[in-house]
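Peer 1: Dumping the structure here so I can ask a few things about it.
Numbering (our numbering), first residue to last: 388 to 666.
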């Protein structure tokens with residue numbers, strides 16, 4: 388990860404107001420990283436009958452290298468689809484939306500419970516189910532952390548769904564996944580993209596389910612001062628040329644040209660936000 392930004396609905400309003408639908412492109416890219424899930428967990432068993440976590444994670448929670456990682460609340464997915472579709476089809480960027488792999492969590496948990504924890508009465512063993520849940524959570528979280536580390540930039544979609552309240556002067560979220568993602572962006576080592584090293588090094592002063600009981604709800608702190616505020620004015624400057632050109636989709640670019648465009652687009656964003664105070 389190199390840079391992180393907080394964005395709001397107001398930031399991306401022009402994209403949301405556009406009549407052009409980017410959903411098709413978003414779904415196409417999403418499906419590229421969604422693998423065919425294996426029905427039999429036996430395929431992950433080692434000779435000692437233990438589950439091979441490496442193989443299981445590769446299939447269920449695939450990771451790769453992306454230009455932008457988008458952290459968001461699932462309640463905002465429709466707006467994120469528009470943003471991701473735009474970044475992919477107009478900016479030519481590789482975009483990872485965290486809910487790409489969130490949705491696999493319950494599916495994998497159910498398969499493990501059915502295989503290991505379902506008793507003859509049709510009930511799940513609590514301890515066994517809890518053990519599987521803990522393991523699946525760790526596997527998923529490690530996958531998310533790896534993608535964040537590999538991604539060059541992070542967009543955190545800051546809405547009332549992701550930041551639910553403020554307590555003792557701290558923003559709070561009810562999502563353990565958002566909490567983990569933003570904490571990861573705060574503590575991981577920042578990596579300068581190779582293409583920017585000659586430029587940066589020449590700059591002077593460079594700074595290196597159906598229960599009657601209520602569900603348990605948690606309140607995680609969110610420290611996001613390390614993420615720069617990407618406001619509507621700055622974001623509109625970044626997409627200004629695209630607006631003037633009518634948000635034309637990318638066509639006819641070879642892999643090398645597309646890679647150059649991706650780097651140029653990110654550099655434009657960094658240039659526009661280099662003087663932004665993080666807060």
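Cβ atoms here follow ideal geometry from the backbone N, Cα and C, with glycine treated the same way.
Model, not experiment: these values are computed from the prediction.
If I follow the unbroken beta strand (DSSP E) through residue 553, where does it start and stop?
Peer 2: Numbered from its first residue, the chain shown carries residue 553 at position 166. Where residue 553 is concerned, the enclosing beta strand (DSSP E) stretches over 552-554.
Peer 1: For residue 481, count neighbouring Cβ atoms within 10 angstroms of its own Cβ and tell me buried if that reaches 16, exposed if not.
Peer 2: What you label residue 481 is simply residue 94 of the chain shown in a count that begins at 1. Residue 481 comes out buried.
Peer 1: Check whether the Cβ of residue 579 lies closer than 7 Å to any heavy atom of the ligand MG, and answer yes or no.
Peer 2: In the structure on display, the ligand MG does not appear, and there are no ligands present to speak of.
Peer 1: For the beta strand (DSSP E) holding residue 541, just list the boundary residues, first then last.
Peer 2: Reading the chain shown from its first residue, position 154 is the one you call residue 541. For residue 541, the enclosing beta strand (DSSP E) starts and ends at 540-544.
Peer 1: In the DSSP assignment, what residue or residues form a beta bridge with residue 607?
Peer 2: The residue you call residue 607 lines up with position 220 of the chain shown. Residue 607 pairs with 560.
Peer 1: Locate the beta strand (DSSP E) running through residue 456, then write down its first and last residues.
Peer 2: The sequence position of residue 456 within the chain shown is 69, counting from 1. Where residue 456 is concerned, the enclosing beta strand (DSSP E) stretches over 455-458.
Peer 1: DSSP on residue 465, reduced to helix/strand/coil?
Peer 2: Counting from 1 along the chain shown, the entry for residue 465 is found at position 78. Note: residue 465 maps to helix in three-state DSSP.
Peer 1: Could you tell me whether the stretch 511-525 touches the stretch 466-486, using the rule of 3 or more Cβ pairs below 8 Å?
Peer 2: Segments in contact, no.
Peer 1: Would residue 548 and residue 618 qualify as a contact pair, given that the criterion is a beta-carbon distance under 8 Å?
Peer 2: Residue numbering aside, residue 548 sits at position 161 when the chain shown is read from its first letter. Residue numbering aside, residue 618 sits at position 231 when the chain shown is read from its first letter. No, the pair does not count as a contact, with Cβ atoms beyond the cut-off.
Peer 1: In this structure, does DSSP put residue 477 in helix, strand or coil?
Peer 2: Taking the first residue of the chain shown as position 1, residue 477 is located at position 90. In the structure shown, residue 477 sits in coil (DSSP, three-state: anything other than H, G, I, E or B).
Peer 1: According to the neighbour-count rule (16 or more other Cβ atoms, all chains shown, within 10 Å of its Cβ), is residue 459 buried or exposed?
Peer 2: For the purposes of this step, residue 459 is taken as residue 72 along the chain shown, with counting starting at 1. Buried, by the Cβ-count rule.
Peer 1: Between 508, 612, 568, which has its C-alpha nearest residue 696's C-alpha?
Peer 2: Given that the chain is displayed from residue 388 to residue 666, the structure contains no residue 696 and the question cannot be resolved.
Peer 1: Should residue 408 go down as buried or exposed, given a rule of 16 or more other Cβ atoms within 10 Å for buried?
Peer 2: By 1-based counting over the chain shown, the position of residue 408 is 21. Exposed is the call here.
Peer 1: Taking the Cβ atom as the reference point for each residue, do residue 390 and residue 530 lie within a distance shorter than 8 Å?
Peer 2: As a position in the chain shown, residue 390 is number 3, starting the count at 1. As a position in the chain shown, residue 530 is number 143, starting the count at 1. Against a cut-off of 8 Å, the Cβ pair of residue 530 and residue 390 comes out as no contact.
Peer 1: Could you give the first and the last residue of the continuous beta strand (DSSP E) run that contains residue 582?
Peer 2: Walking along the chain shown from the start, residue 582 turns up at place 195. From DSSP, residue 582 is part of no beta strand (DSSP E); its letter is neither H nor E.
Peer 1: Alpha carbon to alpha carbon, how far is residue 573 from residue 429?
Peer 2: Against the chain shown, residue 573 aligns to sequence position 186. Against the chain shown, residue 429 aligns to sequence position 42. Between residue 573 and residue 429, the C-alpha separation is close to 38 Å.
Peer 1: Going by C-alpha to C-alpha distance, which of 520, 542, 501 sits closest to residue 569?
Peer 2: Here residue 569 corresponds to residue number 182 of the chain shown, with the count starting at 1. Minimum Cα distance to residue 569 is reached at 542.
Peer 1: DSSP puts residue 483 in a beta bridge; with which residues?
Peer 2: If you number the chain shown from 1, residue 483 lands on position 96. Answer is 456.
Peer 1: Under a three-way DSSP split, which group does residue 433 fall into?
Peer 2: In the chain shown, counting from the first residue as 1, residue 433 sits at position 46. In the structure shown, residue 433 sits in coil (DSSP, three-state: anything other than H, G, I, E or B).
Peer 1: Kindly indicate which three-state DSSP category residue 438 falls into: helix, strand or coil?
Peer 2: Residue numbering aside, residue 438 sits at position 51 when the chain shown is read from its first letter. Note: residue 438 maps to strand in three-state DSSP.
Peer 1: Could you name each continuous alpha helix (DSSP H) segment of 4 residues or more that falls completely within the stretch 497-547, going from the start of the chain to the end?
Peer 2: 513-537
Peer 1: Is it buried or exposed for residue 509, if we count other Cβ within 10 angstroms and need 16 for buried?
Peer 2: Taking the chain shown and counting its residues from 1, one reaches residue 509 at position 122. With fewer than 16 Cβ atoms within 10 Å of its Cβ, residue 509 is classed as exposed.
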